[in-house]
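A quick write-up on the structure given underneath.
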Amino acid sequence: MSTSPKPVKKVPIHLQSAANRVYIKNGEIVNHDKSFKADVYIEDGTIKFVGPPSEITIPGGVRTIDASGLLIIPGGIDPHTHMQLPFGGAVAVDDFYHGTKAAVAGGTTMIIDFVLPNKHESMIEAYDKWRSWADPKVCCDYGLHVGITWWSKSVSEELGILCKELGVNSFKTFMAYKGLYQLNDSDLLDVFERIRQLNGVAMVHAENGDIIAKNTQRLLAEGINGPEGHELSRPEEVEAEAVHRACVLAHQSDCPLYVVHVMSKSAGIELARARQRYRGRYIMGETLAAALGTDATCCFHMGYEHEAAHVLSPPLRPDPTTREFLMKLLANDDLQLTGSDNCTFNKDQKAKGKGDFTKIPNGVNGVEDRMSLVWEKGVQAGLLDPCRFVAVTSTNAAKIFNIYPQKGRIAVGSDADIVIWNPNATRTISKDTHHQACDFNIFEGMTVHGVCEFVLVRGRICAERGQVRVAEGFGRFIPTPVRPPFVYDIIEGKVQSAVQEDHPEERQNGGGNSVAKKFAELDIQIPIQEPISAMLAGNLAMPAEGSLCSTPSVRGRVDGKHDMQQSSFSISEELDRGGVRACIKVKNPPGGKSSGFW
50 MSTSPKPVKK VPIHLQSAAN RVYIKNGEIV NHDKSFKADV YIEDGTIKFV
100 GPPSEITIPG GVRTIDASGL LIIPGGIDPH THMQLPFGGA VAVDDFYHGT
150 KAAVAGGTTM IIDFVLPNKH ESMIEAYDKW RSWADPKVCC DYGLHVGITW
200 WSKSVSEELG ILCKELGVNS FKTFMAYKGL YQLNDSDLLD VFERIRQLNG
250 VAMVHAENGD IIAKNTQRLL AEGINGPEGH ELSRPEEVEA EAVHRACVLA
300 HQSDCPLYVV HVMSKSAGIE LARARQRYRG RYIMGETLAA ALGTDATCCF
350 HMGYEHEAAH VLSPPLRPDP TTREFLMKLL ANDDLQLTGS DNCTFNKDQK
400 AKGKGDFTKI PNGVNGVEDR MSLVWEKGVQ AGLLDPCRFV AVTSTNAAKI
450 FNIYPQKGRI AVGSDADIVI WNPNATRTIS KDTHHQACDF NIFEGMTVHG
500 VCEFVLVRGR ICAERGQVRV AEGFGRFIPT PVRPPFVYDI IEGKVQSAVQ
550 EDHPEERQNG GGNSVAKKFA ELDIQIPIQE PISAMLAGNL AMPAEGSLCS
600 TPSVRGRVDG KHDMQQSSFS ISEELDRGGV RACIKVKNPP GGKSSGFW
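What the sequence shown shows, in the working numbering, is residues 50 to 647, in sequence order.
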């Protein structure tokens, strides 16, 4: 962890001036839909001018930044964080100060955190509690999702208050955590119908909690109690089944659904199928920096502390090709966003799960490194262009949660949340230099391209060439209004989805030819997964003694042959749709016309 001064308790002089003005010259602006050379003038936290220098006269007393050779991009929006979350008898060590400071250091200028009420707790009281934690501490702007951890008439009524009066349009449901947060299908249908009535956005943690609970009992009974038991209890198909079921439930309720933290190939395929099946309506998906930057192979035979530090739900997968696969789903708009799911616990907190993997506090870091990881694994690898990078790290979140173009765009009138990005510079990620409060970094030792030279939060320079200068409490709560046009205009048929625009022949031909062509180009084999019961019955090899934290070869997994070319990839899957073989097209790496949605 980097050494840094104590939190600033009041806004310092360099952040106080109402006339704090910045002029950025000679850079290349990158928005989600195009990139172009232009200068940017900022005053009072807002972008006042975007254009050629010949069209503006700069007043005196302005800080000028020369961005020659650099990119000017919208500040990142991390749609998935858990700052100072109480979980399993521990509290996440990144509070709203340390967490948002780390976010700013990495180029993220807004987070959207999750309010998670206890079962039978009032959602309004939980919301007030989160606001009381966040408002005095945040260094950048933030919004809130609210979790629906139980269902009743009072919860339904409180949803209306949150939407209409308290600035929340998104609500997270759980298909996992049986006995704690999990809702059954009947309750999910009721929740989705209510959210649709309110023109909100439903969110879901998609894993089959009943299967996980049963697998967990079996594993512990057989003495498999180390961190390896976590992934064993919730293999890919358990995530994929829940994704499919959640998408069907949302479609039946006519409700938009945002699937959080897609962590496996199988789950990604199910989400992509649903988007194709519903012509781009209803379904949106997010994956995590963790899933794009690492995998479970880094845990093999590394000891309890290392393995427990990587425990999150859904878990990292042992298939090392998962990272590239998910990035290509992002490239093709089968997934739309990247989050961090930042929920950090130190080694002593993770030690609570020694002897019982169910007691390991779930969560990893990512809020500081997300932007650089997506650049490294996406743009630097040739899978994303810079415009798509902006879409999946900022703009799509702003659109889905209805804060665009206030956030997520470099344009006149937008908030001056700006990152001046050096695409060629590198840095090496380490717990010894990061700004987070945790004592472990799951990306330790990774060298990444893409470095923030400057980070501006509402026009204030809060990070400059590695020096982070933030003020505790400088951030604001940003309401997320209901009925985001980006989501609801498609559902209501007012605009076409990207899927419909890309495949007009699909509408004319009833979908068969286009869908068949799309899925034929995805052709990849997903490893076969045998049930835990077969392994425990002795029909399959058991995990070797000691923690492996996700071992492909000893659990009945059969590695499919996989030729992952940089130009395309494919999955061959028979769909039970009248014997039609369908496929989801993943386009070639960028190089052609820049577009927010390919």
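A virtual CB, placed ideally from N, CA and C, is assigned to each residue, including glycine.
Since we're looking at a predicted model, the values are computed, not measured.
Check                                                                                                                                                                                                    : Outcome
Compute the beta-carbon to beta-carbon distance between residue 336 and residue 310, rounded to the nearest angstrom, for a pair I have assumed lies under 8 Å.                                          : 7 Å
Looking only at DSSP bridge pairs, what is residue 160 linked to?                                                                                                                                        : 127, 191
In whole angstroms, give me the CA-to-CA distance for residue 484 and residue 509.                                                                                                                       : 19 Å
Can you give me the C-alpha to C-alpha distance between residue 604 and residue 538, rounded to a whole angstrom?                                                                                        : Confidence at residue 604 is low in this model, with a pLDDT of 29, below 50, so the placement of that residue is unreliable and no value is reported for it.
Hey, out of 320, 152, 326, 206, whose CA is closest to residue 42's CA?                                                                                                                                  : Outside the displayed range of the chain (50 to 647) lies residue 42, so it cannot be described from this structure.
Using a Cβ-Cβ cut-off of 6 Å (strictly less than) and excluding sequence neighbours within five positions of residue 303, which residues of its own chain qualify?                                       : 245
Does the stretch 499-514 come within contact of the stretch 290-299, defined as at least 3 CB pairs closer than 8 Å?                                                                                     : no
If you reduce the DSSP assignment to three classes, tell me which class residue 114 lands in.                                                                                                            : strand
If you draw a straight line from the alpha carbon of residue 298 to that of residue 213, how long is it in whole angstroms?                                                                              : 25 Å
Could you tell me which uninterrupted beta strand (DSSP E) segments, each at least 3 residues in length, are contained entirely in the stretch 365-447, listed from first to last along the chain?       : 386-388
Locate the alpha helix (DSSP H) running through residue 473, then write down its first and last residues.                                                                                                : Run containing residue 473: none in the alpha helix (DSSP H); it sits in the beta strand (DSSP E), 467-477.
What residue ranges within the stretch 493-536 form continuous beta strand (DSSP E) runs of no fewer than 3 residues, ordered along the chain?                                                           : 496-506, 509-513
Contact between the stretch 181-195 and the stretch 222-236: three or more CB pairs below 8 Å?                                                                                                           : no
DSSP puts residue 72 in a beta bridge; with which residues?                                                                                                                                              : 90, 113
Using the beta-carbon count (16 or more within 10 Å), is residue 170 buried or exposed?                                                                                                                  : exposed
Is residue 433 close to chain C? Criterion is C-beta to C-beta, closer than 8 Å.                                                                                                                         : Among the chains of the structure shown, chain C does not appear; only one protein chain is present.
Give every residue of the same chain whose Cβ lies closer than 7 Å to the Cβ of residue 414, excluding the five residues on either side of it in the sequence, and list them in chain order.             : 391, 393, 485, 487, 490, 491
Using 8 Å as the cut-off, can you tell me whether the stretch 420-437 makes contact with the stretch 92-103, which would need three or more C-beta pairs spanning the two stretches below that distance? : no
Closest to residue 494 by C-alpha separation, out of 507, 475, 505, 502, would be which residue?                                                                                                         : 475
Just how far apart, CA to CA, sit residue 85 and residue 77?                                                                                                                                             : 6 Å
What does DSSP give as the partner residues of residue 165 in its beta bridges?                                                                                                                          : Per DSSP, none; premise fails for residue 165.
Compute the Euclidean distance between the alpha carbons of residue 257 and residue 278, then round it to the nearest angstrom.                                                                          : 16 Å
By alpha-carbon positions, which one of 154, 210, 160, 156 ends up nearest to residue 176?                                                                                                               : 210
Hey, residue 437 and residue 380 are a contact pair by Cβ (cut 8 Å); roughly how many whole angstroms apart?                                                                                             : 6 Å
Look at the Cβ atom of residue 536, then the Cβ atom of residue 305, and state whether they are nearer than 8 Å.                                                                                         : yes
By a C-beta neighbour count over all protein chains shown, 10 Å radius and 16 as the cutoff for buried, is residue 481 buried or exposed?                                                                : exposed
If you compare alpha carbons, which of 179, 239, 180 is closest to residue 204?                                                                                                                          : 239
Using DSSP's beta-bridge definition, name the partner residues of residue 265.                                                                                                                           : Paired residue(s): none; residue 265 is not in a bridge.
Below 8 Å on the Cβ atoms is my contact criterion, and I expect residue 361 with residue 339 to pass it. Report the Cβ-Cβ distance as a whole number of Å.                                               : 7 Å
What residues are listed by DSSP as bridge partners for residue 251?                                                                                                                                     : 220, 306
Quick check on DSSP: helix, strand or coil for residue 284?                                                                                                                                              : coil
Short of 7 Å in beta carbon distance, which residues of its chain neighbour residue 94, apart from the five on each side in sequence? Order them along the chain.                                        : 464, 465, 507, 508
Should residue 271 be counted as a contact of the ligand SAH given a C-beta to heavy atom distance under 7 Å?                                                                                            : Looking for the ligand SAH in the displayed structure turns up nothing, as the structure carries no ligands at all.
Have a look at 497, 167, 367, 301 and flag the residue whose alpha-carbon is nearest the alpha-carbon of residue 479.                                                                                    : 497
Looking at residue 375 and residue 384, is the spacing between their C-beta atoms short of 8 Å?                                                                                                          : yes
If you check the beta carbons only, do residue 505 and residue 467 fall under 8 Å apart?                                                                                                                 : yes
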